[in-house]
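Enquirer: Chains as they are written, first to last, in our numbering: chain A, 20 to 159; chain B, 20 to 159.
2 protein chains.
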Amino acid sequence: MKKITIGEAARKSGVKVPTIRYYEGIGLLAAPSRSEGNQRAYEQTDLDRLTFIRHARELGFEIDAIRALLTLQDDPHQSCASADAIAKARLVEVEQRIRSLTALKAELEMMVEGCGHGRVDQCRVIEVLADHGQCAHHGH
Amino acid sequence: MKKITIGEAARKSGVKVPTIRYYEGIGLLAAPSRSEGNQRAYEQTDLDRLTFIRHARELGFEIDAIRALLTLQDDPHQSCASADAIAKARLVEVEQRIRSLTALKAELEMMVEGCGHGRVDQCRVIEVLADHGQCAHHGH
DNA sequence: CTACATCCTCTAGCGACTAGAGGTGCAAGA
DNA sequence: TCTTGCACCTCTAGTCGCTAGAGGATGTAG
Numbered sequence: 020m021k022k023i024t025i026g027e028a029a030r031k032s033g034v035k036v037p038t039i040r041y042y043e044g045i046g047l048l049a050a051p052s053r054s055e056g057n058q059r060a061y062e063q064t065d066l067d068r069l070t071f072i073r074h075a076r077e078l079g080f081e082i083d084a085i086r087a088l089l090t091l092q093d094d095p096h097q098s099c100a101s102a103d104a105i106a107k108a109r110l111v112e113v114e115q116r117i118r119s120l121t122a123l124k125a126e127l128e129m130m131v132e133g134c135g136h137g138r139v140d141q142c143r144v145i146e147v148l149a150d151h152g153q154c155a156h157h158g159h
Numbered sequence: 020m021k022k023i024t025i026g027e028a029a030r031k032s033g034v035k036v037p038t039i040r041y042y043e044g045i046g047l048l049a050a051p052s053r054s055e056g057n058q059r060a061y062e063q064t065d066l067d068r069l070t071f072i073r074h075a076r077e078l079g080f081e082i083d084a085i086r087a088l089l090t091l092q093d094d095p096h097q098s099c100a101s102a103d104a105i106a107k108a109r110l111v112e113v114e115q116r117i118r119s120l121t122a123l124k125a126e127l128e129m130m131v132e133g134c135g136h137g138r139v140d141q142c143r144v145i146e147v148l149a150d151h152g153q154c155a156h157h158g159h
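Shown next as structure tokens:
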């Protein structure tokens with residue numbers, strides 16, 4: 020039942036102080052009890068929740084997805100199909116993003132390799148940007 | 020010398036109408052001449068520039084980087100070292116992003132595979148998020 | 001008792017747009 | 001000629017997930 024200040028909660032969870040207050044403001048984290056001097060007093064459960072949120076954010080889940088995951092976590096007898104669906108959707112996003120970034124990488128490499136370090140009018144970087152037709156990948 | 024409306028410019032360049040106006044507002048694109056009825060009248064050079072911008076945005080260059088690249092393009096006798104540096108920096112960013120996304124992908128795959136499609140209290144998705152110690156990669 | 005760090009609330013800003021309100025211009029059909 | 005209806009105009013405000021700063025209160029160590 021030990022109470023924790025917001026600063027300590029920030030240090031322990033890895034979520035910055037203003038971000039914790041922001042999460043409270045948008046209703047992602049319940050408003051904690053307050054000390055006599057009106058300062059937030061957190062408990063272990065809040066810390067667990069903050070850690071959960073931070074981890075999910077690091078995995079790139081959006082706030083709304085985290086909101087859904089937290090609701091699921093609160094009701095452990097529910098089916099985890101929703102959690103699975105959210106994670107799978109995120110996985111698909113990530114895979115898509117990797118594919119498109121890999122294509123970009125190839126294109127940037129060609130640009131950089133083609134640059135003869137001369138003057139701008141012979142620069143492949145500028146040239147490729149100006150004329151899409153020279154792209155390696157036309158998908159974008 | 021054929022004048023082009025903003026809608027036509029949007030269709031030809033692939034940049035949306037409000038975005039074109041936005042680019043003008045932030046000084047990325049010069050304000051074009053106007054028709055008698057105060058409507059924007061673009062020329063071919065504006066279209067080329069818009070295409071350049073769109074292409075650079077698709078490659079993930081930030082507005083400020085594009086601003087720099089456009090300045091270089093305007094002065095073709097300059098050394099292209101700056102353009103090269105901008106493209107290389109972007110390449111490094113992209114490579115970094117791919118690495119981190121690949122790590123995320125592995126983690127998400129483990130979460131999704133571990134999900135037995137049962138109840139939430141046995142769900143690996145929720146479990147992993149709650150306890151960082153179970154992560155495949157601790158770097159994040 | 002006095003520093004000084006930490007806390008509080010509130011507002012505004014970031015990047016790169018996007019959406020909407022409320023009004024004007026223009027081309028084509030009746 | 002009139003009217004319909006789309007495209008255009010400006011302006012403000014909203015998006016997402018924070019972050020920064022002002023201006024003031026509280027808590028703690030020396």
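For each residue, glycine too, the CB sits at the ideal point set by N, CA and C.
Just so we're clear, the structure is a prediction, and the values are computed from it rather than from any experiment.
1) Please work out which residues of its chain come closer than 8 Å, Cβ to Cβ, to A/L47, disregarding the five sequence neighbours upstream and downstream, and give them in chain order.
2) Given a limit of 8 Å on CB to CB distance, which residues of the stretch 69-89 of chain B reach chain A?
3) Classify B/Y61 as buried or exposed, calling it buried when 16 or more other Cβ atoms lie within 10 Å of its own Cβ.
4) In the DSSP assignment, the alpha helix (DSSP H) including A/K124 goes from what residue to what residue?
5) Counting only beta-carbon separations shorter than 8 Å, does B/H159 have a partner in chain A?
6) Following the continuous alpha helix (DSSP H) through B/P37, name the residue where it begins and the one where it ends.
7) Give the DSSP bridge partners of A/A218, in chain order.
8) If I follow the unbroken alpha helix (DSSP H) through B/R138, where does it start and stop?
9) Using a Cβ-Cβ cutoff of 7 Å, what residues of the stretch 128-147 of chain B are near chain A? List them in chain order.
10) Kindly identify the DSSP beta-bridge partner or partners of A/I85.
11) Locate the alpha helix (DSSP H) running through B/K22, then write down its first and last residues.
12) Could you check whether the Cβ of B/V34 sits closer than 8 Å to any Cβ belonging to chain A?
13) Can you tell which of A/R116, A/A50, A/K124, A/A100 has the C-alpha that lies nearest to the C-alpha of B/R143?
14) Apply the 10 Å Cβ neighbour rule to B/P95 and answer buried if 16 or more other Cβ atoms are within range, or exposed otherwise.
15) State the DSSP-derived secondary structure class of A/F71, mapped to helix, strand or coil.
16) Assuming B/V147 and A/D103 are in contact, meaning their beta carbons sit under 8 Å apart, how far apart are those beta carbons, in whole angstroms?
17) So, for B/S52: in the same chain, excluding its five sequence neighbours on each side, which residues have a beta-carbon less than 6 Å away from its beta-carbon?
18) Which value, in whole angstroms, describes the spacing of the CA atoms of B/A125 and A/V111?
19) In three-state terms, what does DSSP make of B/L47?
20) With DSSP collapsed to three states, give me the class of B/D94.
Expert: In short, the structure shows the following:
1) Within the same chain, A/L47 has close Cβ partners I72, I82, I85, R86, L89.
2) So the list reads T70, F71, H74, A75, E77, L78, G79, L88, given in the order they occur along the chain.
3) buried
4) 100-133
5) Note that B/H159 scores a pLDDT of 49, beneath 50, so its modelled location is shaky; the value from the coordinates is reported in the next line. Cβ-Cβ to chain A under 8 Å: yes for B/H159.
6) 36-44
7) Look at the range of chain A in this structure, 20 to 159, and you will see that residue 218 of chain A is not part of it.
8) Note, B/R138: premise wrong, no alpha helix (DSSP H); not H, not E.
9) E128, M130, V131, C134, H136, G137, R138, V139, D140, C142, V144, I145
10) Note: A/I85 sits in no beta bridge, so no partner.
11) It is not in any alpha helix (DSSP H) - B/K22 carries neither H nor E in the DSSP assignment.
12) Under the Cβ distance rule, B/V34 does not count among the residues neighbouring chain A, no pair being separated by less than 8 Å.
13) A/A100
14) exposed
15) helix
16) Incorrect: roughly 12 Å between the Cβ atoms, too far for contact.
17) Excluding sequence positions up to five before and after B/S52, its CB lies within less than 6 Å of the CB of A60, all in the same chain and listed in chain order.
18) So the two alpha carbons sit approximately 12 Å from each other.
19) coil
20) coil
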